[in-house]
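Participant: Heads up, our numbering is the position in the sequence shown plus 236, with the first residue counted as 1. Yeah, the Cβ is synthetic: ideal placement off N, Cα and C, and Gly gets one too. Bear in mind that the values here come from a model prediction, so they are computed numbers and not experimental data.
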Amino acid sequence: MSPTPSSDRRQGAVLLVVIVFTVAVSLLVASTVDFTLTESRSVTSDLDRAEALALAEGVTESVQKDMLDSIANFETFPMSGTVTLGGVDYPYTVQLIGSEINRTDSDGVNLAIQPYLINSQVDIQLATANVSRVADLTMTPIFQYMIFYSDDLEILPGPNMTLGGRVHSNANIYMGSGATLTVDTDYLRCTGELYRQRKNDGSATGGTIDIKEFEQTTFQAMSPTMDSTDPDWVNLALDTWGGTVQTGAHGVSEVVAPEIGSIKAFNSDGSKGHYHANADLVFIDGQAFDSGGNPIGLPPGVVQEVTMFDGRENKNVTVTEIDIDALNASGHFPANGLIYAYRTDASASQPNGIRLTNGQELAAPLTVVTEDPIYVHGDFNTVNKKGAAVMADAVNLLSNAWDDSKTAGSLPTASDTWFNLAIVTGNVPTPDGGGAYSGGFENLPRFHESWSGRTCSIRGSFIKTYDSEFAVSPWSYGGQVYTAPVRDWLYDPDLTDLSNLPPFTPNAVYFRRVTWDDNVAVPFSP
237 MSPTPSSDRR QGAVLLVVIV FTVAVSLLVA STVDFTLTES RSVTSDLDRA
287 EALALAEGVT ESVQKDMLDS IANFETFPMS GTVTLGGVDY PYTVQLIGSE
337 INRTDSDGVN LAIQPYLINS QVDIQLATAN VSRVADLTMT PIFQYMIFYS
387 DDLEILPGPN MTLGGRVHSN ANIYMGSGAT LTVDTDYLRC TGELYRQRKN
437 DGSATGGTID IKEFEQTTFQ AMSPTMDSTD PDWVNLALDT WGGTVQTGAH
487 GVSEVVAPEI GSIKAFNSDG SKGHYHANAD LVFIDGQAFD SGGNPIGLPP
537 GVVQEVTMFD GRENKNVTVT EIDIDALNAS GHFPANGLIY AYRTDASASQ
587 PNGIRLTNGQ ELAAPLTVVT EDPIYVHGDF NTVNKKGAAV MADAVNLLSN
637 AWDDSKTAGS LPTASDTWFN LAIVTGNVPT PDGGGAYSGG FENLPRFHES
687 WSGRTCSIRG SFIKTYDSEF AVSPWSYGGQ VYTAPVRDWL YDPDLTDLSN
737 LPPFTPNAVY FRRVTWDDNV AVPFSP
């Protein structure tokens with residue numbers, strides 16, 4: 237049978253509907269695919285952008301930290317280069333902005349401020365992140381702190397004690413007292429936590445702690461339960477002491493100081509360490525050298541080799557003894573005020589070292605540096621006081637009564653002795669998680685006599701930025717080691733005057749962020 241005209245029309249209409257439907261479905265599918273691709277690109281773009289920005293900020297933070305470490309340790313930092321994160325190198329640049337600014341803060345502390353512009357760039361597939369940070373590098377002479385610790389600071393004296401200068405730790409502070417600890421300063425700060433307990437065993441500490449209110453003459457007590465463990469610690473500290481007491485929770489940032497490498501005789505590459513390289517007078521064992529490495533013939537009595545018993549190390553040690561009074565008269569007192577001394581036979585198993593004696597008067601300001609333990613014998617820098625410092629693996633103080641008669645099992649009696657001296661030293665730290673006590677700040681300088689009832693007076697600064705590597709026996713008390721003196725230890729306010737600082741005083745450095753700009757670009761708009 238032949239199809240009728242009406243049948244043909246119906247078939248044509250159906251075909252047209254099918255074609256229209258097919259086209260519509262195709263358009264819908266295409267639209268959906270396009271939308272999905274766009275959304276996918278958008279999500280990918282957002283992820284790339286976030287990753288690029290995080291990496292660029294990480295690069296900038298890394299550059300900033302490396303700059304602090306380099307500058308604090310007397311090294312040159314490259315003004316451009318790359319930072320490796322996750323095995324990938326990312327570029328950075330650093331620019332000076334203007335010139336150095338010198339000013340004095342409200343505490344009378346001298347600051348040198350140099351603004352820097354730090355730029356970093358990170359490309360992550362669909363995104364590029366550029367981060368620019370303007371930050372003030374702030375340098376302050378480290379002896380403008382009374383106490384500065386690069387790690388945990390423990391202050392746990394038995395008798396009364398007063399802290400009269402800036403106190404800073406780049407970690408935690410543990411405080412307590414067997415009597416009354418008076419904190420007479422507007423600056424008690426740490427980057428970690430402040431605890432009213434011992435680090436070595438976690439026990440709560442007793443005694444009275446009175447802390448000065450910020451820019452006031454009044455003091456408020458720190459009760460045994462008042463520390464960083466309080467859930468409202470930030471407000472509690474501010475309400476109680478104003479701005480005097482601040483911790484990491486208040487935004488206290490790290491202040492970087494020189495590490496032990498700066499006092500080493502030689503760097504890992506064989507070059508002289510910073511202080512060794514700059515000293516006008518060098519003692520190697522018993523021989524003196526000038527800054528050019530030429531031997532110097534010193535008059536008799538300036539330097540000699542002596543053996544003494546160290547009760548803490550429980551052994552005889554050999555020391556190069558430098559007679560400061562004889563050096564004053566020798567014509568070889570260092571013109572730049574820096575002596576570097578070391579012994580080639582010093583080690584952790586045999587901690588031989590350096591000893592200064594007859595140092596009541598200095599011909600000029602003086603800094604003595606050694607990678608070994610140092611012993612300072614008798615009144616030091618007490619006549620016509622000048623800027624003076626010692627930097628060593630460990631700093632040991634011997635009284636005027638010391639006469640080298642000490643032997644194993646004995647404990648000679650000390651006499652009242654006075655030291656006008658800034659100290660940079662290591663210690664044997666209390667292990668994290670508890671263990672043998674470091675001795676705390678109250679025993680940072682080491683003693684070797686029976687000081688009971690005798691006074692050790694120190695006017696200076698106490699800096700601990702590294703661990704001891706030669707004098708490594710842990711702190712111990714009594715027996716043949718020592719008994720504690722009456723501690724008359726105060727910050728020397730003369731150190732706030734730049735003209736009174738010891739030669740080659742190191743700087744503590746930190747950054748203060750001024751501006752921050754994140755510029756993240758993507759190749760298309762989602």
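#1: By Cβ distance below 6 Å, which residues in the same chain neighbour Gly414 in space, the five residues on each side in sequence not counted?
#2: CA-CA distance, Asp608 and Ala292?
#3: Please report how far the alpha carbon of Arg579 lies from the alpha carbon of Val553, in whole angstroms.
#4: As a quick exercise: from Ser335, Gln433, Gly438, Gln452, pick the residue whose alpha carbon is nearest that of Met458.
#5: DSSP puts Asp200 in a beta bridge; with which residues?
#6: I need the straight-line Cα distance from Gly487 to Thr427, nearest angstrom please.
#7: Considering only their Cβ atoms, is the gap separating Tyr381 from Gly412 smaller than 8 Å?
#8: Do Val518 and His512 have their C-beta atoms within less than 8 Å of each other?
#9: Mark Arg339 as exposed unless 16 or more other C-beta atoms lie within 10 angstroms of its C-beta, in which case mark it buried.
#10: Please name the residue in Gly589, Gly294, Ile378 whose C-alpha comes closest to that of Tyr727.
#11: Spatial neighbours of Met544 within its chain, please: C-beta separation below 8 Å, excluding the five flanking residues on both sides.
#12: Indicate whether the contact test is met: 3 or more Cβ pairs, each with one atom in the segment 653 to 669 and one in the segment 525 to 538, closer than 8 Å.
#13: Taking 8 Å as the cut-off, decide whether the C-beta atoms of Trp654 and Ser693 are in contact.
#14: Which residue or residues does DSSP assign as beta-bridge partners of Ala440?
#15: Expressed to the nearest angstrom, what Euclidean distance is found between the alpha-carbon atoms of Gly670 and Ile496?
#16: CA-CA distance, Pro681 and Asp282?
#17: Report the residue from Lys448, Asn355, Gly334 whose alpha carbon sits nearest the alpha carbon of Met315.
#18: Taking buried to mean at least 16 other C-beta atoms within 10 Å of its own C-beta, is Ala644 buried or exposed?
#19: State the start and end residues of the unbroken alpha helix (DSSP H) segment that holds Asp640.
#20: What are the partner residues of Ser405, as DSSP defines its beta bridges?
#21: Does DSSP put Tyr713 in a helix, a strand or coil?
#22: Can you round the beta-carbon distance between Val708 and Ala371 to whole angstroms, since I take them to be within the 8 Å contact cut?
#23: Would you give the residue range spanned by the beta strand (DSSP E) that Tyr611 belongs to?
Facilitator: Short version:
#1: For Gly414, where only same-chain residues beyond five positions count, the Cβ hits under 6 Å are Gly394, Gly443.
#2: Asp608 and Ala292: Cα-Cα distance of roughly 42 Å.
#3: C-alpha of Arg579 to C-alpha of Val553: approximately 11 Å in a straight line.
#4: When each option's Cα is compared against that of Met458, the closest is Gln433.
#5: In the structure as shown, the chain starts at 237 and stops at 762, and residue 200 therefore has no counterpart that could be examined.
#6: So the two alpha carbons sit approximately 8 Å from each other.
#7: No, Cβ-Cβ distance for Gly412 and Tyr381 is not below 8 Å.
#8: Cβ distance < 8 Å, so Val518 and His512 count as in contact.
#9: Here Arg339 is exposed: its Cβ has fewer than 16 other Cβ atoms, across all protein chains shown, within 10 Å.
#10: The option with the nearest alpha carbon to Tyr727 is Ile378.
#11: Close CB contacts of Met544 within its chain, under the 8 Å cut and outside five residues either way in sequence, are with Asn552, Val553, Val555, Arg591, Tyr611, Asp640, Lys642 (chain order).
#12: At 8 Å Cβ cutoff, the stretches do not touch.
#13: A contact, by the Cβ cut-off of 8 Å.
#14: Note: Ala440 is bridge-paired with Gln433 in the DSSP secondary-structure output.
#15: The alpha-carbon of Gly670 is positioned some 24 Å away from that of Ile496.
#16: Rounded to whole angstroms, Pro681 to Asp282 spans 57 Å at the Cα level.
#17: Of Lys448, Asn355, Gly334, the smallest CA-CA separation from Met315 is found for Asn355.
#18: Note on Ala644: under 16 other CB atoms within 10 angstroms of its CB, so exposed under the neighbour-count rule.
#19: Taken as a continuous stretch (DSSP letters only), Asp640 belongs to no alpha helix (DSSP H), as it is neither H nor E.
#20: According to DSSP, Ser405 bridges with Tyr385, Cys426.
#21: Three-state DSSP puts Tyr713 in coil, outside helix and strand.
#22: Not quite, the Cβ-Cβ distance comes to about 38 Å (not below 8 Å), so this is no contact.
#23: Under the DSSP assignment, Tyr611 falls in the beta strand (DSSP E) whose first and last residues are 609 to 613.
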